[in-house]
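Working notes, beginning with the structure itself.
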Amino acid sequence: MRIFWDERQLAHRPSIEFFNGALEPASETPARAEQVLAAVGRTEPVTERGMAPLEAVHDPAYLELLRTAHDEWLAAGRSGDALPYCFPISRRPRKLERVDARLGAHATDTCAPITAGTWESATWAAYTALAAVDSALAGEHAFAVTRPPGHHAGAAFMGGYSYMNHACVSAEHARAAGRRVAVLDLDYHMGNGSEDILAGRDGLFLASLHADPSTDYPFFWGDRSEGNIRNTPLPRGTGFAAYDHALAEALEWIGEQGCDLLVISFGADTYRGDPISHFELDTSDYERLAQRIAGTNLRAAIVLEGGYALDALGRNVASFLAGF
Ligand code: SP5
Ligand code: ZN
Numbered sequence: 001m002r003i004f005w006d007e008r009q010l011a012h013r014p015s016i017e018f019f020n021g022a023l024e025p026a027s028e029t030p031a032r033a034e035q036v037l038a039a040v041g042r043t044e045p046v047t048e049r050g051m052a053p054l055e056a057v058h059d060p061a062y063l064e065l066l067r068t069a070h071d072e073w074l075a076a077g078r079s080g081d082a083l084p085y086c087f088p089i090s091r092r093p094r095k096l097e098r099v100d101a102r103l104g105a106h107a108t109d110t111c112a113p114i115t116a117g118t119w120e121s122a123t124w125a126a127y128t129a130l131a132a133v134d135s136a137l138a139g140e141h142a143f144a145v146t147r148p149p150g151h152h153a154g155a156a157f158m159g160g161y162s163y164m165n166h167a168c169v170s171a172e173h174a175r176a177a178g179r180r181v182a183v184l185d186l187d188y189h190m191g192n193g194s195e196d197i198l199a200g201r202d203g204l205f206l207a208s209l210h211a212d213p214s215t216d217y218p219f220f221w222g223d224r225s226e227g228n229i230r231n232t233p234l235p236r237g238t239g240f241a242a243y244d245h246a247l248a249e250a251l252e253w254i255g256e257q258g259c260d261l262l263v264i265s266f267g268a269d270t271y272r273g274d275p276i277s278h279f280e281l282d283t284s285d286y287e288r289l290a291q292r293i294a295g296t297n298l299r300a301a302i303v304l305e306g307g308y309a310l311d312a313l314g315r316n317v318a319s320f321l322a323g324f
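FYI, in full-length UniProt numbering the residues of the sequence shown are 1 to 324.
Dropping the structure here:
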C-alpha cells in the first residue's frame with residue numbers, strides 16, 4: 001500500500017457551517033488529516049497536474065467560482081467564510097452578478113464554506129487522488145490522504161464539505177487510460193456529486209452504500225439505481241453483518257460490469273462513534289470489509305471522504321488499509 005499526501009490540503013480552514021437552523025463550528029477541519037497522517041506513517045509526495053484533469057469532470061465556470069469566490073467575498077466587504085444563502089430552484093438562466101448569486105447557483109447546501117485556502121486544498125486533494133490512481137494503474141493499491149472531502153461535489157456544484165470530486169477526477173483519469181473503473185462509495189452519506197458526474201458516462205460505474213436518504217443527508221439522491229449507478233440505502237443502526245452483505249452484493253455487481261480498477265471513496269463516518277452519523281461499525285470491522293474488497297483482486301485507489309470522530313479517525317483508516 002502506497003500512501004500519498006500534500007500539506008497544501010491544510011490550507012482550507014473553515015470555521016462555520018449552517019446546520020439545523022444555526023451556525024455551528026465546522027466539522028471538517030485540518031485536524032482530521034493530521035489524525036490520519038499520525039496513524040498511517042510515511043507518505044509520498046504528489047505532483048501538480050494543471051487544470052486538464054479537473055476540467056475532465058467539472059464545469060469550467062464552477063471551477064472559476066471556486067478559485068475566485070473568496071476574493072470576491074472579501075471585495076464585497078465581507079469577512080470570514082463565504083456561504084450561499086439563496087438557491088435557484090427555478091434554474092431560469094440569467095446573468096449572475098453578485099457572489100451570493102453565483103455561490104447559490106453552484107451549491108446544494110450551506111455545508112461548504114469557501115475560505116481563502118479552499119481552492120489550494122481542493123486542487124491538491126485531487127492531485128493526491130491522481131497520484132494514488134496512477135499507483136493502482138501500475139498495479140499497487142494506494143491511499144490518498146484527501147481533505148476536504150469530494151463526493152458531494154458534482155460537475156457544477158459544491159456541498160457537504162466537498163468542492164472538487166477527487167474520486168471522480170481519478171476515476172476519469174483511469175478511464176482515459178483505457179480502464180473500466182468502478183467508484184465504490186463507502187461513506188455514510190450518499191455520494192450525490194459522484195452520481196451527478198458519473199451517471200451515463202461510458203466506462204465508469206458507481207456503487208454506493210449509504211444511509212437511507214429518507215432519514216439522512218443529502219435527502220434528494222440515493223434511493224434509486226439506474227444504468228451505471230447502483231445505490232444501496234441502508235437504515236440507521238446498520239452494523240457489520242448487514243453492511244458486509246451489502247458490500248458483497250455491490251462487489252458482485254462491479255464484477256458483472258467488467259470493471260478492472262477500483263476507486264474507493266472511504267468515509268469513516270460509518271463508525272459507531274461518529275458524531276454526525278448513525279451506523280454501528282467498529283474499528284476492527286474496517287479491516288474485514290477491506291479484506292472482502294481485496295479478495296476481488298481489483299487494484300484500488302482509496303480516497304478519504306468523511307469521518308468526524310477525531311479520536312478514532314486515524315485507527316479506523318489504519319484498520320481499513322490493513323485489510324489490503
Ligand atoms: C463528506 C461528508 O461526510 N459530508 C457530510 C456532510 C453532511 N452534512 C450534513 C450534516 C451536517 C452536520 N453538521 C454538524 C455540525 C456540528 N458542529
Ligand atoms: Zn459522510
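Cβ coordinates follow ideal geometry from the N, Cα and C atoms, glycine included.
None of these values were measured; they are calculated from a predicted model.
| query | result |
| --- | --- |
| What does a CB cutoff of less than 6 Å around R18 pick up in its chain, not counting 5 residues either side in sequence? | Note that residue 18 corresponds to Phe in the displayed sequence, not to Arg. Cβ within range, chain order: T110. |
| What separation, rounded to the nearest whole angstrom, lies between the Cα atoms of S225 and R67? | 33 Å |
| For residue 338 and D196, I'd like the C-alpha separation in whole angstroms. | This structure cannot speak to residue 338, because the chain is shown only from 1 to 324. |
| What is the DSSP secondary structure of P25, counted as helix, strand or coil? | strand |
| With which residues is D185 paired in a DSSP beta bridge? | S208, S265 |
| Are F4 and F157 close, meaning C-beta to C-beta below 9 Å? | no |
| Would the C-beta of Y188 count as close to the ligand SP5, meaning under 8 Å from any of its heavy atoms? | yes |
| Is it true that the CB of R230 sits closer than 9 Å to the CB of F279? | no |
| Taking the alpha-carbon of D187 as reference, which of G227, A69, H58, F320 has the nearest alpha-carbon? | F320 |
| Give me the Cβ distance between G80 and S15, rounded to the nearest whole Å; I'm assuming they're in contact under 8 Å. | 7 Å |
| Beta carbon of E17: closer than 8 Å to some heavy atom of the ligand SP5? | yes |
| Please state whether the Cβ-Cβ distance between L145 and A33 is less than 9 Å. | The sequence as given places Val at residue 145; Leu does not occur at that position. Going by C-beta atoms, V145 is nearer than 9 Å to A33. |
| Leaving out the 5 sequence neighbours to the left and right, which residues in its chain are closer than 7 Å to Q291 when beta-carbon positions are compared? | G323 |
| For H245, count neighbouring Cβ atoms within 10 angstroms of its own Cβ and tell me buried if that reaches 16, exposed if not. | exposed |
| DSSP puts M51 in a beta bridge; with which residues? | Per DSSP, none; premise fails for M51. |
| With three or more C-beta pairs closer than 8 Å as the rule, is the region 176-183 touching the region 40-49? | no |
| Helix, strand or coil for S121 per DSSP? | helix |
| Can you tell which of G239, R315, L298 has the C-alpha that lies nearest to the C-alpha of residue 330? | Nothing can be reported for residue 330: it is not among the residues displayed for the chain, which extend from 1 to 324. |
| Would you identify the three-state DSSP class for Y217, choosing helix, strand or coil? | coil |
| Shortest alpha-carbon distance to L261 belongs to which of D134, D71, P84, V36? | D134 |
| If I'm right that A132 touches V303 with Cβ under 8 Å, what's the distance once you round it to whole angstroms? | 7 Å |
| Would you mind reading off the limits of the beta strand (DSSP E) that contains I229? | 229-234 |
| Does the beta-carbon of N20 have 16 or more other beta-carbons within 10 angstroms, so that it is buried, or is it exposed? | exposed |
| Write down every uninterrupted run of the beta strand (DSSP E) in the region 121-194 whose length is 3 residues or greater and which is fully enclosed by it, in chain order. | 142-144, 181-185 |
| State yes or no: is the C-beta of H151 nearer than 8 Å to some heavy atom of the ligand SP5? | yes |
| Please determine whether the Cβ atom of S277 lies at a distance below 8 Å from any heavy atom of the ligand ZN. | yes |
| What whole-angstrom Cβ distance do W124 and R8 have, given they're in contact under 8 Å? | 4 Å |
| Confirm, please, whether the CB-CB distance from G191 to A155 is below 9 Å. | no |
| So, Y85 versus G160, is the Cβ gap smaller than 9 Å? | no |
| Using only alpha-carbon positions, find the residue among L313, W253, G258, F240 that is nearest to R288. | F240 |
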